[in-house]
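Last residue of the sequence shown? That's 63 in numbering that gives the first Met the number 0, and every number before it is there in order.
We treat Cβ as the ideally placed atom computed from N, Cα and C, and that holds for glycine.
Notes to accompany the following structure.
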Amino acid sequence: MLEVFHQIEMSGEELIVTHHNKPVFRIIPIRQGKNVDELFAPWRGQVAYHVDIDEPTQAEWPDP
């Protein structure tokens, strides 16, 4: 059974388990999330800030 799980992990494909030809449950690999550097890598060097975004602002939201 562990070999089947390893194949699912490596292929990225799911396995649907059936009982009397009816789907009973699905085994899917857990997709590891990307870290922040990987997630924003395509935009690295593409964004320009025209003000200091860390500077506190005194502007307040208008009352509704």
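What are the start and end residues of the alpha helix (DSSP H) that includes residue i?
i: residue 15; result: Note, residue 15: premise wrong, no alpha helix (DSSP H); beta strand (DSSP E) at 14–18.
i: residue 5; result: 1–10
i: residue 35; result: 35–39
Taking 7 Å as the limit between beta carbons, can you name the residues of its chain near residue i, skipping five residues before and five after?
i: residue 23; result: 16, 17
Can you find the residues in the same chain that come closer than 6 Å, C-beta to C-beta, to residue i, ignoring five residues on each side of it along the sequence?
i: residue 13; result: 25, 27
i: residue 0; result: none
Got a sec, what are the start and stop residues for the beta strand (DSSP E) residue i sits in?
i: residue 23; result: 21–26
Excluding the 5 residues flanking residue i on each side, which residues of the same chain have their C-beta closer than 8 Å to its C-beta?
i: residue 35; result: none
Check whether the region 3–10 touches the region 26–38, taking contact to mean three or more Cβ pairs, one atom from each stretch, closer than 8 Å.
-> Touching, yes, given that three or more Cβ pairs across the two stretches are closer than 8 Å.
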